[in-house]
Ligand code: 1HN
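Numbering (the working numbering), first residue to last: 566 to 918.
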């Protein structure tokens, strides 16, 4: 722009005059966009979410203490929330997602309820506890991925002889920003079961489906348990069948077998195998992502820090944070993010450097 034109077009007002104006219009619920525009529309994502790492070795004793402090019954859900250091007080691990570690002792029950928020679980420790989802019980083993889609009744119980610990992931913040939270408690601790254990895997998990199947209103997969045994077999098979992707190693996404979409509309979940001595090329995407290590150990390298993640550790990579994954031994990672939401809205991006 021509300098003289610019100068004549510029109103002259000092900071104090402007502040006084902002204060006056503020009383009428108005604000000047020009003071905020650069923060609202950034060239690339700017997140308060920080990279963070929770060591299971450090957190596990706190979970034991929590089991001595409060019963699952009193707590409703006995969970230690993994709070992102940049988002403290918001029960958020990324801007859009919640994560926590839940402990349930032998004989305990976490009573039935349902809510708009979708939840996923990744079993970290113990075996033989159950989750029941909409009338079907599933017995869980380490590494199993289990969903409780929006508005499905769910309760957990531990009929085994050891504590059971899993990672919970929920779309709490996403549902919160939409003011779309509804919840209901059941009058009974355990919901009535309507189908035998394993029914949904037999109906939907064998490349077939009941002939008149119609998609449910919550748009979630009717398959709600993905046993680790099968996931692991697929990853190992992929390793035999070709070279790894330079950014991801051998990476699979969990799918709704009826649609090919994500198991729940608001969260995508993934499992990946990094072969021994694999060092990924730098990668970033617009979905803040929560990872946990199922096998091996992984060095996570970001621009300004790096850390070593061991089995059952959880770590989070914020939106658009470039990172590399380095495996000195073969490793398996589970991860989840809001990617399906961004994709359906046409927002999701990645950069493969
Ligand atoms: C919830 O329902 C569970 O059912 C766990 O196990 C964690 C965190 C926030 C809101 C609901 C569960 C939760 C939750």
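Idealized CB from N, CA, C, for every residue including glycine.
Short of 6 Å from the beta carbon of residue 836, and not among the five residues preceding or following it, lie these beta carbons of its own chain, in chain order: 796, 817 and 899. Between the beta-carbon of residue 624 and that of residue 645 there is about 7 Å, and that keeps the pair under the 8 Å contact cut. Beta-bridge annotation (DSSP): residue 817 is paired with 836. Here residue 752 carries a coil assignment [DSSP, helix/strand/coil]. Cβ-Cβ distances below 7 Å link residue 610 to 851, 884 and 885 in the same chain, with the five nearest sequence neighbours on each side left out; the list follows chain order.
In the three-state scheme derived from DSSP, where H, G and I count as helix and E and B as strand, residue 915 is classed as strand. Below 8 Å, enough C-beta pairs join the segment 662-679 and the segment 735-750 to call them touching: three or more. Across the structure, residue 635 and residue 696 are spaced so that their CA atoms are roughly 20 Å apart. Using a Cβ-Cβ distance cut-off of 8 Å, the segment 822-835 and the segment 770-787 are in contact, since at least three pairs of beta carbons, one from each stretch, lie closer than that value. Residue environment analysis places residue 663 among the buried positions, since at least 16 neighbouring C-beta atoms fall within 10 angstroms of its C-beta.
Non-local C-beta neighbours of residue 868 in its own chain, meaning closer than 7 Å and more than five positions away in sequence, comprise 887, ordered along the chain. In chain order, 815 and 838 place their CB closer than 6 Å to the CB of residue 800, counting only its own chain and leaving out the 5 sequence neighbours on each side. Using a cutoff of 7 Å, the CB of residue 735 counts as near the ligand 1HN, since one of the ligand's heavy atoms is closer than that.
With respect to residue 915, residue 849 sits close: the two C-beta atoms are nearer than 8 Å. Between residue 855 and residue 897 the beta-carbon gap is near 15 Å, outside 8 Å, which marks them as no contact. In the DSSP assignment, residue 843 is bridged to 892. The three-state reading of DSSP puts residue 799 in helix, counting H, G and I together. By a beta-carbon distance limit of 8 Å, residue 643 contacts residue 632. Their separation comes to about 7 Å. Bridge partners of residue 685 according to DSSP: 712 and 734. Judged by DSSP secondary structure, residue 789 falls outside any beta strand (DSSP E); it is assigned neither H nor E. Under the DSSP definition of a beta bridge, residue 587 lacks any partner.
Considering only 698, 584 and 827, the residue with the shortest C-alpha distance to residue 595 is 584. When distances are taken from the beta-carbon of residue 674 to the heavy atoms of the ligand 1HN, even the shortest one reaches 7 Å or more. Bridge pairing for residue 667: 644 and 731 [DSSP]. When DSSP states are grouped into helix, strand and coil, residue 707 belongs to the coil group. The beta carbon of residue 872 sits closer than 8 Å to those of 618, 864, 865 and 880, all from its chain and outside the five residues before and after it, given in chain order.
Close CB contacts of residue 844 within its chain, under the 8 Å cut and outside five residues either way in sequence, are with 889, 890, 891 and 892 (chain order). Leaving aside the five residues that flank residue 875 on each side, the residues in its chain whose CB is nearer than 8 Å to its CB run, in chain order, 620, 621, 622, 858 and 862. In the DSSP assignment, residue 658 falls outside any beta strand (DSSP E), carrying neither H nor E. The Cβ neighbour count for residue 682, taken over all protein chains shown within 10 Å, is at least 16; the residue is labelled buried.
Proximity to residue 716 across 575, 791 and 782 peaks at 782, based on C-alpha coordinates.
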